[in-house]
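Chains as they are written, first to last, in the working numbering: chain A, 1248 to 1470; chain B, 1248 to 1470.
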């Protein structure tokens, strides 16, 4: 899959460092810098569980999707660093996307920031497959949104990166984050039908989360 | 597919009227009420063709997708009313979605408004498959966004419907509008691989359009 995204020599050097990883770190929440799921210090999401129930209906998300996400979690567990290599390869091969990981002072990719986000991204894959959709989960979705938006960007990492991830790319990533996972879901011998169902569940969840992350970007009353 | 979405008796009556249609009307642009593609009276989109080119890269949209959308247009041409029956059946079977087609005075579904939107929706299917992604196309995407948002809602139809379609459902619809089209793409004997490619192209285009439609909802500078 990595071959899909042909990078420039300039970004290859940066990415090479990111492909060095220790898979054992992924599982330990306390090893994930800036990870704050369940922290009582987080702002409350303005979205309620009742709102979420209606949103689930709009994306056709059912209990069958929850079950297939659990299965996807088992399937992806030992492939997470490979998935991240694809995603980071995609970002790294597009300067207008890599921009969001650059230091705002010198315009160069910030390796430490990229590495910290990568660890949270690994954890996010597992969290997406294990999600239970309660208020704690909603609160962390809101926090993820805030961390992409200028109101909360860089706080978690005390990072010198650019101040804001533009809305258009936050939502655009639904497609690559969905499509690139499908081959990994097919890697463990499940039937084509089961792979389709895992992939559909994953796609619905990513879309729903992206909507929740968008909240800080939306004009008052428009969400 | 319509069986997926079981409606209440209350909405079935409303929808029954909408399932009466004249397929020949779909093709004639001048028969589509409120359709304004290419009108010089439309506001200019704040998104440029250069912005769009970068957005295409973020959703992995290529010339191969353009070709497969053209093919999808041929495949869907005589199935458009069936596709719309599925979509309207979905909306009609969920009161929190049907709400957006209700009269704000009496809270009842507005049949005339539903019918006018349906004709534009039919045309939108063909436009999506035939799109050429120039400034005229961008300007109409911006107008479609404005018509969902409180700043432009109901202007095109002089309709008494509710004043605003909430952002969360604008984006949530990417999933049902994408998933429900796939069986129709498979109805004309193309290989599974070609159906997958048509469906991927459709999904990317719908996601990209939804991002463009969101512009009026986004805080200044955040898009």
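In this text, a Cβ means the ideal position worked out from N, Cα and C, and glycines have one as well.
Using a Cβ-Cβ cut-off of 9 Å, residue 1409 of chain A is close to nothing in chain B; its nearest Cβ partner there is about 13 Å away. Closest in C-alpha terms to residue 1351 of chain A, from the list A:1313, A:1298, A:1411, comes A:1411. Taking CB atoms only, residue 1290 of chain A has no neighbour in chain B less than 8 Å away.
Within the stretch 1410-1442 of chain A, the residues whose Cβ lies closer than 8 Å to any Cβ of chain B are, in chain order, 1411, 1413, 1414, 1415, 1416, 1418, 1419, 1420, 1421, 1422, 1423, 1426. Taking C-beta separations shorter than 7 Å and ignoring five residues to either side along the sequence, the partners of residue 1407 of chain A in its chain run 1350, 1351, 1352, 1357, following chain order.
Assignment of residue 1349 of chain A by DSSP, reduced to helix, strand and coil, places it in the strand class. With 16 or more other CB atoms across the displayed protein chains lying within 10 angstroms of its CB, residue 1456 of chain A is buried.
In the structure shown, residue 1391 of chain B adopts helical secondary structure according to DSSP, grouped into three states.
Around the Cβ of residue 1355 of chain A, a 10 Å sphere holds fewer than 16 other Cβ atoms; the residue is exposed. Using a CB distance cut-off of 8 Å, residue 1388 of chain A does not count as an interface residue toward chain B. When rounded, the separation of the alpha-carbon atoms in residue 1324 of chain B and residue 1373 of chain B is 7 Å. Using a Cβ-Cβ distance cut-off of 8 Å, the stretch 1429-1448 of chain B and the stretch 1383-1395 of chain B are not in contact, since fewer than three pairs of beta carbons, one from each stretch, lie closer than that value.
Fewer than three pairs of CB atoms, one per stretch, sit closer than 8 Å, so the stretch 1334-1345 of chain A makes no contact with the stretch 1393-1403 of chain A.
In this structure residue 1365 of chain A is buried. Its beta-carbon is surrounded by 16 or more other beta-carbon atoms within 10 angstroms.
Contact annotation: residue 1316 of chain A and residue 1426 of chain A have beta-carbon atoms that are not nearer than 8 Å. Chain-ordered, the chain A residues with CB closer than 7 Å to the CB of residue 1464 of chain B read 1465, 1466, 1469. Residue environment: residue 1377 of chain B is assigned as exposed (fewer than 16 neighbouring CB atoms within 10 Å of its CB, all protein chains considered). If you draw a 10 Å sphere on the C-beta of residue 1312 of chain B, you find 16 or more other C-beta atoms in it, and that means buried.
At least 8 Å separates the CB of residue 1361 of chain A from every CB of chain B. With fewer than 16 other CB atoms across the displayed protein chains lying within 10 angstroms of its CB, residue 1290 of chain B is exposed.
Per the C-alpha coordinates, the member of B:1319, B:1361, B:1421 positioned closest to residue 1345 of chain B is B:1361.
DSSP places residue 1412 of chain B outside both helix and strand once states are collapsed to three, so it counts as coil. At a cut-off of 8 Å between beta carbons, residue 1344 of chain B contacts chain A. By DSSP's assignment, residue 1424 of chain B forms no beta bridge with any residue. Chain A has a Cβ within less than 8 Å of the Cβ of residue 1307 of chain B. Per DSSP, residue 1372 of chain B is one residue of the alpha helix (DSSP H) stretching across 1358-1377. Per DSSP, residue 1289 of chain A lies in no alpha helix (DSSP H) segment and is marked neither H nor E. Residue pairing by DSSP places residue 1465 of chain A opposite B:1465 in a beta bridge. Out of B:1450, B:1319, B:1379, B:1363, the CA that lies nearest to the CA of residue 1401 of chain B is found in B:1363. When the five nearest sequence neighbours on each side are left out, the beta carbons in the same chain lying within less than 7 Å of the beta carbon of residue 1279 of chain B are those of 1366, 1367, 1370, in order along the chain. Sixteen is the threshold: since fewer than 16 other Cβ atoms of the shown chains lie within 10 Å of the Cβ of residue 1288 of chain A, the residue is exposed. Residue 1338 of chain B sits in a helix when the DSSP states are folded into three classes. Per DSSP, the unbroken alpha helix (DSSP H) holding residue 1453 of chain A starts and ends at 1439-1460. Not a single C-beta of chain A is nearer than 8 Å to the C-beta of residue 1395 of chain B. Look at residue 1317 of chain B here: in three-state DSSP terms it is helix.
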